[in-house]
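Enquirer:
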Amino acid sequence: MNTPIDDLIRSTLTDLAKEAVPMNLTDSAVARARRRRTLTVSVGVAGVVAALMVGTPLALAVSRDAPPPSAPADQPPVDFPSPVPISPVPSPPVNLPSPVPISPVPSPPVDSKGPGTGS
Amino acid sequence: MDDKARARFGEFAQNRTAALIRAAYLLTGDQHAAEDLVQSALAKTYAKWPTIRHEDPEGYVRAVMYRERVSWWRRRGRLRETLVGSPVEQEHPDDSGHADLRLAMRAALLHLPVAQRAVLVLRYYEDLPEQQVAEVLGCSVGTVRSRTHRAVSRLREVLPGAELVLELKR
Chain A
66 MNTPIDDLIR
76 STLTDLAKEA
86 VPMNLTDSAV
96 ARARRRRTLT
106 VSVGVAGVVA
116 ALMVGTPLAL
126 AVSRDAPPPS
136 APADQPPVDF
146 PSPVPISPVP
156 SPPVNLPSPV
166 PISPVPSPPV
176 DSKGPGTGS
Chain B
125 MDDKARARFG
135 EFAQNRTAAL
145 IRAAYLLTGD
155 QHAAEDLVQS
165 ALAKTYAKWP
175 TIRHEDPEGY
185 VRAVMYRERV
195 SWWRRRGRLR
205 ETLVGSPVEQ
215 EHPDDSGHAD
225 LRLAMRAALL
235 HLPVAQRAVL
245 VLRYYEDLPE
255 QQVAEVLGCS
265 VGTVRSRTHR
275 AVSRLREVLP
285 GAELVLELKR
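For the record, the sequence lines run as chains A and B. Numbering follows our numbering, in which position 46 of the first sequence is assigned residue number 111; successive positions increment by one, without gaps. Numbering follows our numbering, in which position 130 of the second sequence is assigned residue number 254; successive positions increment by one, without gaps.
(1) Given V69(B), which residues of its chain have a CB within under 6 Å of its CB, disregarding the five upstream and five downstream residues?
(2) Since S93(A) meets chain B, which of its residues come closer than 9 Å, beta carbon to beta carbon?
(3) For N89(A), is the beta carbon positioned less than 8 Å from some heavy atom of the ligand NAP?
(4) To be precise: take each residue of the stretch 127–146 of chain B, compare its Cβ to all Cβ atoms of chain A, and keep it if any distance is under 7 Å. Which residues remain?
(5) Expressed to the nearest angstrom, what Euclidean distance is found between the alpha-carbon atoms of R130(B) and V95(A)?
(6) Closer than 9 Å, CB to CB, is V245(B) near chain A or not?
(7) Can you grab the Cα-Cα spacing for the pair T152(B) / S264(B), in whole Å?
(8) At a Cβ cut of 7 Å, what residues of the stretch 103–121 of chain A count as close to chain B, listed as they run along the chain?
(9) Is N67(A) helix, strand or coil by DSSP?
(10) Going by DSSP in three states, P132(A) sits in which element: helix, strand or coil?
(11) Going by alpha carbons, who is nearest to V238(B) out of E254(B), M189(B) and E179(B)?
(12) Taking C-beta pairs closer than 8 Å, name the residues in chain B that L78(A) reaches, listed in chain order.
(13) Taking the beta carbon of V114(A) as the centre, do at least 16 other beta carbons fall within 10 Å, making it buried, or is it exposed?
(14) Tell me which residues share the same chain as V162(B) and place their Cβ nearer than 7 Å to its Cβ, disregarding the 5 neighbours each side in the sequence.
(15) If we ignore side chains and look at the alpha-carbon of each, how far apart do L104(A) and A111(A) end up?
(16) For A232(B), which residues of its own chain have a beta-carbon under 6 Å away from its beta-carbon, when the five flanking residues on both sides are left out?
(17) Taking only beta-carbon atoms, is Y170(B) less than 9 Å away from chain A?
(18) Taking R129(A) as the query, report the chain B residues whose CB atoms sit under 7 Å from its CB, ordered along the chain.
(19) With 16 as the cutoff for other CB atoms within 10 Å, does P181(B) come out buried or exposed?
(20) Within 10 angstroms of its Cβ, does M229(B) collect 16 or more other Cβ (buried), or is it exposed?
(21) Using 9 Å as the limit for Cβ to Cβ distance, is L123(A) near chain B?
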C-alpha cells in the first residue's frame, strides 16, 4: 500500500528526472572505452619492460658473481648395489668331507733315546 | 569487435541513453556528472559487449552505473553531498496543489546519502522490486529494506508535516 509520502517521493523523482537533458553519448563512450583499453595495454607493456630492465642486470650480476663450477674429481669408488642381498649373519659351519682321508691311526712312538745314541 | 556488434551497441546506446541519463541525474543531481556517469558505464559495457550482448546489456549498464556511483561516494569517505548552487528552478504547472512540499522533498532527496538515494531511485522511479534492486546494487534484500527504511525515515524527519498535509488534501 502506498502512503502519501511514497507518492510524494515518486512524483518528486519523476519531476526531477525531467530536468535531465538527454543526449547521445555513444561515440564518446566508445572513444572512452578505446582510450581505457590503450591505457591498460600501455601500462601492461611498460610494466613488462620495467621488469625486464630491472631483472636482466640482476640476473647477469648474480651469474657473474657465482663461483666457477668445480673440476670433476678423481673417480670415486662407486658402490654398486649388490644384486644379491648380503646378510651380515655368518653362515653355519658345514662338515664337508675332506678329499684326503684322515686316518685315526696314532703316530708311531718316538724313540726317547734319539738318533745317534745307539749302543 | 566486429562491425555488426559495434552497430548493435550503437543502437542499444542510442535507445537507452536518455533513460540512463535521467536515472543518473537523479543519482548525481547534476547534468555533467550524470553524463560522465552514463558515459563511463557505457564505456565499460562496450568493453564487455561481446560477452553480454546476448544476455541483459541494460541490466549490466544499470548495475555498473549505480555501483560506480555508490562506490565513488564510499571512496569519498561517505561525505554528505551539499549542493553548491540552488536547484535549477523550472516552472511546472502546479497540478497537485502542494508545490512547496515538492520543492522541500526535492531538496531533501538531493541531500540524502548516495546509497540511500540509489535505493529510492530504483524502488520509486524505476519501480523495481526489492530483489532486483539488490541484484543491481550487489547487496542483500535486507540491506535494500534497511536503506529504504532509513531514507524514508530521514525524509519524514526533514518534512515533519508533509504526511499530514498530504492526507488532508487527499
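Beta carbons are placed, not taken as given, at the ideal position from N, Cα and C, and that holds for glycine.
Expert: Based on what the coordinates show:
(1) No statement about residue 69(B) is possible, as the shown extent of chain B runs from 125 to 294 and does not include it.
(2) Counted from its first residue, the first sequence places residue 93(A) at position 28. Correct list: E159, Q163, L166 and A167.
(3) As far as ligands go, the structure on display features none, and thus does not contain the ligand NAP.
(4) For the stretch 127–146 of chain B, which is checked against every Cβ of chain A, the residues closer than 7 Å are G134, A137, Q138, T141, A142, I145 and R146.
(5) Here residue 130(B) corresponds to residue number 6 of the second sequence, with the count starting at 1. Here residue 95(A) corresponds to residue number 30 of the first sequence, with the count starting at 1. Rounded to whole angstroms, the separation of the alpha carbons of V95(A) and R130(B) is 9 Å.
(6) Taking the first residue of the second sequence as 1, we reach residue 245(B) at position 121. In terms of beta-carbon proximity, V245(B) lines the interface with chain A, with at least one pair separated by less than 9 Å.
(7) As a first step, residue 152(B) must be located in the second sequence, where it is residue number 28. As a first step, residue 264(B) must be located in the second sequence, where it is residue number 140. Looking at the backbone, the Cα of T152(B) and that of S264(B) are separated by about 23 Å.
(8) Answer in chain order: no residues at all.
(9) Here residue 67(A) is taken as the residue at index 2 of the first sequence, counted from 1. It is coil, neither helix nor strand.
(10) As a first step, residue 132(A) must be located in the first sequence, where it is residue number 67. DSSP places P132(A) in coil when its eight states are reduced to three.
(11) Your numbering for residue 238(B) matches position 114 in the second sequence. Of the listed residues, the one whose Cα sits closest to V238(B) is M189(B).
(12) For the purposes of this step, residue 78(A) is identified with residue 13 of the first sequence, where counting begins at 1. Those are L150, L233, L244, V245, Y248 and Y249, listed as they occur along chain B.
(13) Taking the first sequence and counting its residues from 1, the one referred to as residue 114(A) is at position 49. With fewer than 16 other Cβ atoms within 10 Å, it is exposed.
(14) One-based indexing of the second sequence puts residue 162(B) at position 38. The beta carbon of V162(B) sits closer than 7 Å to the beta carbons of T141, L144, I145, A148 and M189 from its chain, once the five residues preceding and following it are set aside; these are given in chain order.
(15) Locating residue 104(A) in the first sequence gives position 39, counting from the first residue. Locating residue 111(A) in the first sequence gives position 46, counting from the first residue. L104(A) and A111(A): Cα-Cα distance of roughly 10 Å.
(16) By 1-based counting over the second sequence, the position of residue 232(B) is 108. Result list for A232(B): L279 and V282, in chain order.
(17) On the second sequence, position 46 is the one that residue 170(B) refers to. Yes, contact with chain A.
(18) By 1-based counting over the first sequence, the position of residue 129(A) is 64. Per Cβ cutoff of 7 Å: no residues; R129(A) is ~46 Å from chain B at best.
(19) Along the second sequence, one-based indexing puts residue 181(B) at 57. A residue is called buried when at least 16 other Cβ atoms come within 10 angstroms of its Cβ; P181(B) meets this threshold and is buried.
(20) Counting from 1 along the second sequence, the entry for residue 229(B) is found at position 105. It is buried - the Cβ of M229(B) has at least 16 other Cβ atoms within 10 Å.
(21) Position 58 of the first sequence, counted from the first residue, corresponds to residue 123(A). Between L123(A) and chain B, the shortest Cβ-Cβ separation is not below 9 Å.
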